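Asks:
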Amino acid sequence: MTATRTVRQGSRVLTVSVHSWDIEDGSIPPPRIGAVAALWLDFHETSDAAPGAMTVDAVLDLHSTPRLDGSSNRPAQRRWYWTGDLVGDGWRATWIGRRPSIGPVALTGQFRQSGGVAFNRHAQVRGRVTRVQVRTTPYHHREGGWEPVPGAMSTYRDVDESPRWFDRAGMGDAGSDSSSVFAVETGVMIDLDLDDVDPPEPRPRIEPQAVAAGDHGIWVVDNQLPIIALLSGDTATEYVFPGTITSGRSIRATPTGCTVTEGLDVYRCRIGEPVQKSSTTESFISIGEVTLQWRTLDHGRPRAIVTSPEGEQMAVVDVPDDHLLLGTTTDNASFVIATQDTEVSEQPIRLMRITTAGDLIVGPAMSISARLRRPTHRGKSLFNNPLRYLHGDDVYPINGDLTFGEPIRLPSSPLAAGQTTYAIWISTHASDRHAFNRSAPAERTEPTQVSRRFSWLITFLDADTQPLGSYPTSSPTPSVTTDHEGRHWITDNGLRRLPVEPMTWSDPVDFDAAVTRTIYPTPDPSDSTRIEPLR
Numbered sequence: 001m002t003a004t005r006t007v008r009q010g011s012r013v014l015t016v017s018v019h020s021w022d023i024e025d026g027s028i029p030p031p032r033i034g035a036v037a038a039l040w041l042d043f044h045e046t047s048d049a050a051p052g053a054m055t056v057d058a059v060l061d062l063h064s065t066p067r068l069d070g071s072s073n074r075p076a077q078r079r080w081y082w083t084g085d086l087v088g089d090g091w092r093a094t095w096i097g098r099r100p101s102i103g104p105v106a107l108t109g110q111f112r113q114s115g116g117v118a119f120n121r122h123a124q125v126r127g128r129v130t131r132v133q134v135r136t137t138p139y140h141h142r143e144g145g146w147e148p149v150p151g152a153m154s155t156y157r158d159v160d161e162s163p164r165w166f167d168r169a170g171m172g173d174a175g176s177d178s179s180s181v182f183a184v185e186t187g188v189m190i191d192l193d194l195d196d197v198d199p200p201e202p203r204p205r206i207e208p209q210a211v212a213a214g215d216h217g218i219w220v221v222d223n224q225l226p227i228i229a230l231l232s233g234d235t236a237t238e239y240v241f242p243g244t245i246t247s248g249r250s251i252r253a254t255p256t257g258c259t260v261t262e263g264l265d266v267y268r269c270r271i272g273e274p275v276q277k278s279s280t281t282e283s284f285i286s287i288g289e290v291t292l293q294w295r296t297l298d299h300g301r302p303r304a305i306v307t308s309p310e311g312e313q314m315a316v317v318d319v320p321d322d323h324l325l326l327g328t329t330t331d332n333a334s335f336v337i338a339t340q341d342t343e344v345s346e347q348p349i350r351l352m353r354i355t356t357a358g359d360l361i362v363g364p365a366m367s368i369s370a371r372l373r374r375p376t377h378r379g380k381s382l383f384n385n386p387l388r389y390l391h392g393d394d395v396y397p398i399n400g401d402l403t404f405g406e407p408i409r410l411p412s413s414p415l416a417a418g419q420t421t422y423a424i425w426i427s428t429h430a431s432d433r434h435a436f437n438r439s440a441p442a443e444r445t446e447p448t449q450v451s452r453r454f455s456w457l458i459t460f461l462d463a464d465t466q467p468l469g470s471y472p473t474s475s476p477t478p479s480v481t482t483d484h485e486g487r488h489w490i491t492d493n494g495l496r497r498l499p500v501e502p503m504t505w506s507d508p509v510d511f512d513a514a515v516t517r518t519i520y521p522t523p524d525p526s527d528s529t530r531i532e533p534l535r
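In structure tokens, the structure reads:
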């Protein structure tokens, strides 16, 4: 077991616990001694006897709103907890605890690779790995699944490099045998030297979040900054828009430019003109410059609004109150929407078709269950050319009467899915053929063509859902598009154009060199948002 370490001013070594799934799913490369690791950290208060526990002097900026842990299906087991930004000497972490605190603090607990609670993308910590220990924990089966043996201690062994895949000790083949105890590798404990690292490289001018191919070139939107860029040939024009500093934006190409969705806000960009805020909506989809906006009224009932290129309402459509929007697409100059009624036990799915004139055709309610190879996947997507619906691991053809045909089983269980103009794409683990052989890590080999830094594959599927080709990627959820020449573009540590040859890679676009013009936003006279003057 690792010894408790006290970190005071001037000592800059952190002990960090990393779970096996963070390494197996490619969230971080397997840590090895001498390598530089970049991690987002959580800090959980523990006793000083906990493995890897440290006492730290730091400043806690408490978040204003508490959270509930656990599942709403088990209300008696839920507990309130607080989060905050914990800042120490050379590091930042998300603090998670049951008792709120604030300001200068001295805390004892564990640093852990972030689980995504109150995630702060600006709080990455870099350090050189000076120690790696594999953690092994005794597990047994109890009603409801596998769990650590109560009171049993984890053991640690020193290695030069973390495994890429962890030994489950045959646990996956044991069924529900409650008599056996399995020594399961559950992750690693690493030491990070915060001083023995070079400063990080400057941020690129643009870090693409999403990409869309259009008539004028390749559009991208930044993953944090309110900046759009149009790449045309070897040069690019960037457009600054009055959005927030955030992530999760999407982008669509239009005949005159593009539209960007940021939360509930939609921004419209026309070639050579300042970007303007177009509307506020929950979801939208376009046919040319005609847009369908999906909004939920105050009483919870959804409404579809068809708008013109100028943003004027062309039609307002009251749609069935099915609560959950699953997906949207276009087909034969009309919009197709999939919704789900989550208020009844069957949770039926319904398809609707809305024309640009506002005519509504509603299909029957249909109940289907997802067949899942991978228990965590719950993907639901709507595709066109031809109309298809992805539910779990199955693709359902959509008939003319808005019913489902017989499902087609995907060749691999997807982590994410999307569509370009010409094909569906899915992302899978690079070694997906062994993804469920958890008890035999030695048999799980990665494709020889794929570098160790690529943990996933993007596979393109044709109209019959058959594979066209696969490419390695270091992101399980990239943004993908296909231009008019049939070339695929992907966001993965930059914007990349995929080579013609499958299982090969390319260098990212250098936007620092490509950008030749910047267009800044101008105030919209109709915008009543209060803006403080620059003094």
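To convert, note that position 46 of the sequence shown is 46 in full-length UniProt numbering; the numbers rise steadily by one, no gaps. Don't be surprised by glycine CBs; every beta carbon is placed ideally from N, CA and C. Quick caveat: nothing in here was measured; it's all calculated off a predicted structure.
On the DSSP bridge list, what partners appear for Q313?
Replies: Counting from one through the sequence shown, the residue named residue 313 turns up at place 313. For Q313, which the question treats as bridged, DSSP gives the partners T307.
Asks: Can you check DSSP and say which residues form a bridge with I408?
Replies: For this step, residue 408 is matched to residue 408 along the sequence shown. According to DSSP, I408 bridges with V395.
Asks: E262 by DSSP, collapsed to three states: which one?
Replies: The residue labelled residue 262 in the question sits at position 262 within the sequence shown. Three-state result, E262: strand.
Asks: Which partner residues of A229 appear in the DSSP bridge assignment?
Replies: Against the sequence shown, residue 229 aligns to sequence position 229. DSSP output for A229 lists V220, E238 as bridge partner(s).
Asks: Can you name, in chain order, every residue of its own chain whose Cβ lies under 7 Å from the Cβ of V197, other than the five neighbours on each side?
Replies: By one-based count along the sequence shown, residue 197 stands at place 197. The answer, listed in chain order, is V36, R126, G127, R128.
Asks: With DSSP as the reference, label H377 as helix, strand or coil.
Replies: By 1-based counting over the sequence shown, the position of residue 377 is 377. At H377, the pLDDT of 43 sits below 50, so the modelled position is not reliable and the matter cannot be decided from this model.
Asks: Would you tell me roughly how many angstroms separate the C-alpha atoms of T420 and W489, rounded to the nearest one?
Replies: As a working note, residue 420 is residue 420 in the sequence shown. As a working note, residue 489 is residue 489 in the sequence shown. Their Cα atoms are separated by approximately 10 Å.
Asks: Report the residue from G311, Q293, H19 whose alpha carbon sits nearest the alpha carbon of I305.
Replies: Position 305 of the sequence shown, counted from the first residue, corresponds to residue 305. Here the closest residue by C-alpha is Q293.
Asks: When the Cα of I227 is compared with those of G217, D193, V275, I190, which residue comes out closest?
Replies: Here residue 227 corresponds to residue number 227 of the sequence shown, with the count starting at 1. Of the candidates G217, D193, V275, I190, the one whose C-alpha sits nearest the C-alpha of I227 is V275.
Asks: According to the neighbour-count rule (16 or more other Cβ atoms, all chains shown, within 10 Å of its Cβ), is H429 buried or exposed?
Replies: On the sequence shown, position 429 is the one that residue 429 refers to. With 16 or more Cβ atoms within 10 Å of its Cβ, H429 is classed as buried.
Asks: From the DSSP output, which residues share a beta bridge with L360?
Replies: Translated into positions along the sequence shown, residue 360 becomes position 360. Answer by DSSP bridge pairing, in chain order: I354.
Asks: Threshold first: 4 residues or longer. Then list the alpha helix (DSSP H) segments lying entirely within the stretch 105-181, N to C.
Replies: With a minimum length of 4 residues, no continuous alpha helix (DSSP H) run stays inside the stretch 105-181.
Asks: Should V344 go down as buried or exposed, given a rule of 16 or more other Cβ atoms within 10 Å for buried?
Replies: For this step, residue 344 is matched to residue 344 along the sequence shown. V344 comes out exposed.
Asks: When you compare the stretch 476-492 with the stretch 402-413, are there three or more beta-carbon pairs, one atom per stretch, that lie closer than 8 Å?
Replies: No, the stretch 476-492 does not touch the stretch 402-413.
Asks: According to DSSP, simplified to helix, strand and coil, what is P508?
Replies: Along the sequence shown, one-based indexing puts residue 508 at 508. Coil.
Asks: Going by beta carbon distance, what residues of the same chain come within less than 8 Å of A442, once the five residues before and after it are set aside?
Replies: For this step, residue 442 is matched to residue 442 along the sequence shown. The predicted position of A442 is uncertain, since its pLDDT is 33 and thus under 50; a value taken from the coordinates is nonetheless stated next. So the list is empty, once near-sequence residues are dropped.
Asks: Can you grab the Cα-Cα spacing for the pair T254 / P100, in whole Å?
Replies: Taking the first residue of the sequence shown as position 1, residue 254 is located at position 254. Taking the first residue of the sequence shown as position 1, residue 100 is located at position 100. Rounded to whole angstroms, T254 to P100 spans 49 Å at the Cα level.
Asks: Can you tell me where the alpha helix (DSSP H) with S20 in it begins and where it stops?
Replies: For this step, residue 20 is matched to residue 20 along the sequence shown. Looking at the DSSP string, the run of the alpha helix (DSSP H) that includes S20 is 20-24.
Asks: Alpha carbon to alpha carbon, what distance is there between Q224 and I245?
Replies: Here residue 245 refers to the residue found at position 245 when the sequence shown is read from its first residue. Here residue 224 refers to the residue found at position 224 when the sequence shown is read from its first residue. Near 5 Å, if we compare the C-alpha coordinates of Q224 and I245.
Asks: Hey, how far is the Cα of T459 from the Cα of A53?
Replies: Your numbering for residue 459 matches position 459 in the sequence shown. Your numbering for residue 53 matches position 53 in the sequence shown. Using only the alpha carbons, I get a separation of about 43 Å.
Asks: Could you check where the beta strand (DSSP E) with G469 kicks off and where it finishes?
Replies: As a first step, residue 469 is located in the sequence shown; it is residue number 469 there, counting from the start. Where G469 is concerned, the enclosing beta strand (DSSP E) stretches over 467-473.
Asks: Under 8 Å: do the stretch 83-101 and the stretch 131-146 share three or more Cβ pairs, one atom per stretch?
Replies: No, they do not touch.
Asks: Measure the C-alpha to C-alpha separation of A417 and T261 and round it to an integer number of angstroms.
Replies: Translated into positions along the sequence shown, residue 417 becomes position 417. Translated into positions along the sequence shown, residue 261 becomes position 261. Each residue's Cα considered, the two are about 19 Å apart.
Asks: Starting from I490, follow its DSSP beta bridges and name the residues at the other end.
Replies: As a first step, residue 490 is located in the sequence shown; it is residue number 490 there, counting from the start. Paired residue(s): V480, R496.
Asks: To the nearest whole angstrom, what separates the beta carbons of Q313 and R249, a pair I think is in contact under 8 Å?
Replies: Looking up residue 313 in the sequence shown gives position 313. Looking up residue 249 in the sequence shown gives position 249. Going by Cβ atoms, the distance from Q313 to R249 rounds to 25 Å, so no, they are not a contact pair.
Asks: From S17 to V132, what does the alpha carbon distance come to, in whole angstroms?
Replies: Indexing the sequence shown from 1 puts residue 17 at position 17. Indexing the sequence shown from 1 puts residue 132 at position 132. Their Cα atoms are separated by approximately 10 Å.
Asks: If distances are taken between C-alpha atoms only, which option among I23, S381, D462 comes closest to E161?
Replies: For the purposes of this step, residue 161 is taken as residue 161 along the sequence shown, with counting starting at 1. Cα-wise, what sits closest to E161 is I23.
Asks: When burial is assigned at 16 or more other CB atoms within 10 Å of the CB, is A229 buried or exposed?
Replies: Counted from its first residue, the sequence shown places residue 229 at position 229. Buried, because 16 or more other Cβ atoms sit within 10 Å of the Cβ of A229.
Asks: From residue 559 to S475, what does the alpha carbon distance come to, in whole angstroms?
Replies: Since the displayed the chain opens at 1 and closes at 535, residue 559 lies outside it and no answer follows.
Asks: From the DSSP output, in three-state form, read off T15 for me.
Replies: Position 15 of the sequence shown, counted from the first residue, corresponds to residue 15. In this structure, T15 counts as strand in the three-state DSSP scheme.
Asks: How should D171 be labelled, buried or exposed, when 16 other C-beta atoms within 10 angstroms of its C-beta is the threshold for buried?
Replies: Within the sequence shown, numbered from 1, the residue matching residue 171 stands at position 171. The sequence as given places Met at residue 171; Asp does not occur at that position. The residue is buried, with at least 16 neighbouring Cβ atoms inside 10 Å.
Asks: Alpha carbon to alpha carbon, how far is A338 from S427? Give it in angstroms, no decimals.
Replies: Position 427 of the sequence shown, counting from 1, holds the residue named residue 427. Position 338 of the sequence shown, counting from 1, holds the residue named residue 338. Distance between the alpha carbons of S427 and A338: 22 Å.
Asks: Leaving out five residues on either side along the sequence, give the residues of the same chain with a beta carbon under 6 Å from the beta carbon of P499.
Replies: Sequence index remark: in the sequence shown, residue 499 carries index 499 (1-based). Around P499: S506.
Asks: With a cut-off of 8 Å, do at least 3 Cβ pairs link the stretch 105-113 to the stretch 40-58?
Replies: Output reads yes: the stretch 40-58 touches the stretch 105-113.
Asks: With a threshold of 8 Å, are at least 3 pairs of Cβ atoms found where one atom belongs to the stretch 379-390 and the other to the stretch 324-334?
Replies: At 8 Å Cβ cutoff, the stretches touch.
Asks: Tell me which residue opens and which closes the beta strand (DSSP E) that V59 is part of.
Replies: For the purposes of this step, residue 59 is identified with residue 59 of the sequence shown, where counting begins at 1. 54-62 is the extent of the beta strand (DSSP E) around V59.
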